[in-house]
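The structure appears right after this line, and notes come after that.
Written out as structure tokens, the structure is:
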């Protein structure tokens with residue numbers, strides 16, 4: 048599963064770098080393959096220089112601290128309410144039945160095949 052997760056992230060950031068570049072040039076603050084809560088999963092993202100200048104230095108030593116560092120300038124804003132500013136390139140399908148069960152597909156545990164995102 049890790050192999051397919053890596054290929055998923057690489058598809059958007061390495062194989063198709065212009066997708067995020069165009070989003071940033073179009074006014075987005077951040078862009079990445081999968082936005083979860085307030086971080087881009089996998090720590091693969093692009094951000095505008097103006098947005099990065101608002102963040103404090105990243106002094107953390109764990110991988111999760113650096114993955115969540117990008118959210119610092121978001122403040123209390125929930126990024127999914129502003130998709131034009133905080134852009135994600137893949138919208139994970141909801142799983143579960145009914146509104147009370149509504150949640151997003153866990154991309155870390157799901158076997159992400161290219162047919163799901165490469166179109």
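Residue numbers (the numbering used here): 48 to 166. We treat Cβ as the ideally placed atom computed from N, Cα and C, and that holds for glycine.
Judged by beta-carbon spacing, residue 78 lies within the 8 Å limit of residue 93, meaning their Cβ atoms are closer than that value.
When the beta-carbon positions are compared, residue 80 and residue 136 come within less than 8 Å of each other.
Taking a contact as a CB-CB distance under 8 Å, the pair residue 138 and residue 116 does not count as one, their CB atoms being some 24 Å apart.
Take the alpha-carbon of residue 59 and the one of residue 50: they are about 15 Å apart. Note that the C-beta distance between residue 131 and residue 75 is below 8 Å.
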